[in-house]
Amino acid sequence: MDKSAYLDAMNITRWLSADKPLKPYLVLHDLDADLSDQIFINDVLRLLNVEIDQCEFDCEMIKGPQVIWDMRKTKVRPRVAWIISAPLTDLHTHADEKRYLWQQIFQHLDKVQQLSKGESNEQH
Numbered sequence: 009m010d011k012s013a014y015l016d017a018m019n020i021t022r023w024l025s026a027d028k029p030l031k032p033y034l035v036l037h038d039l040d041a042d043l044s045d046q047i048f049i050n051d052v053l054r055l056l057n058v059e060i061d062q063c064e065f066d067c068e069m070i071k072g073p074q075v076i077w078d079m080r081k082t083k084v085r086p087r088v089a090w091i092i093s094a095p096l097t098d099l100h101t102h103a104d105e106k107r108y109l110w111q112q113i114f115q116h117l118d119k120v121q122q123l124s125k126g127e128s129n130e131q132h
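Counted from 1, the sequence shown has number 113 at position 105 by this note's numbering; the numbering is strictly sequential.
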């Protein structure tokens, strides 16, 4: 059994060394989440212009990284994630959930594009 999976199953928070830099992004998932669909996860992250190796995957908030995707069944406030979706298993079986995810990705990209246009206009 994977040591990290065992600790997650026991709901044990892992100690993080200050020497090891945190990854800049965080993807939140349920404790029992099946994250084996790496292709789908990679596709979503790539659309957000984020590489999977830049992400920490955890069941709870970690101080430091920006939450980019919250795919937990029960959402908690504050909602700070770029996108919020149902868990992966629900996304694969419910078209409405997947459609809502794609809409959020589009809205996020549109927001980023608007912000970058505003910054380039200020520089001129």
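Don't be surprised by glycine CBs; every beta carbon is placed ideally from N, CA and C.
Are the beta-carbon atoms belonging to Pro95 and Met69 less than 7 Å from one another?
Indexing the sequence shown from 1 puts residue 95 at position 87. Indexing the sequence shown from 1 puts residue 69 at position 61. Contact flag unset, no.
Could you give the first and the last residue of the continuous beta strand (DSSP E) run that contains Val75?
Counted from its first residue, the sequence shown places residue 75 at position 67. Its beta strand (DSSP E) spans residues 74-78.
Nearest by alpha-carbon distance to Lys31: which of Val75, Leu56, Gln46 is it?
For the purposes of this step, residue 31 is taken as the residue at position 23 of the sequence shown. Among Val75, Leu56, Gln46, the Cα nearest to that of Lys31 belongs to Val75.
Given Ile92, which residues of its chain have a CB within under 6 Å of its CB, disregarding the five upstream and five downstream residues?
Position 84 of the sequence shown, counted from the first residue, corresponds to residue 92. Answer for Ile92: Asp78, listed in chain order.
Looking at the structure shown, is Asp66 part of a helix, part of a strand, or coil, going by DSSP?
As a first step, residue 66 must be located in the sequence shown, where it is residue number 58. Of the three classes helix, strand and coil, the one that applies to Asp66 here is strand, per DSSP.
Tell me the residue span of the alpha helix (DSSP H) that contains Val52.
Looking up residue 52 in the sequence shown gives position 44. It spans 46-55 - the alpha helix (DSSP H) in which Val52 sits, taken as one unbroken run.
Could you give the residue range of the alpha helix (DSSP H) that holds Leu43?
For this step, residue 43 is matched to residue 35 along the sequence shown. Per DSSP, Leu43 belongs to no alpha helix (DSSP H) and is neither H nor E.
Please name the residue or residues paired with Leu36 in a DSSP beta bridge.
Translated into positions along the sequence shown, residue 36 becomes position 28. Partner(s): Asp66, Asp78.
Under DSSP, the alpha helix (DSSP H) around Leu99 begins and ends at which residues?
As a position in the sequence shown, residue 99 is number 91, starting the count at 1. Start and end: 96-101.
Does Ile60 come out as helix, strand or coil in the three-state DSSP assignment?
For this step, residue 60 is matched to residue 52 along the sequence shown. If DSSP states are grouped into helix, strand and coil, Ile60 belongs with the helices.
Ordered along the chain, which non-local residues of its own chain (more than five positions away) have a Cβ less than 7 Å from that of Lys106?
Reading the sequence shown from its first residue, position 98 is the one you call residue 106. Only Leu99 meet the Cβ criterion.
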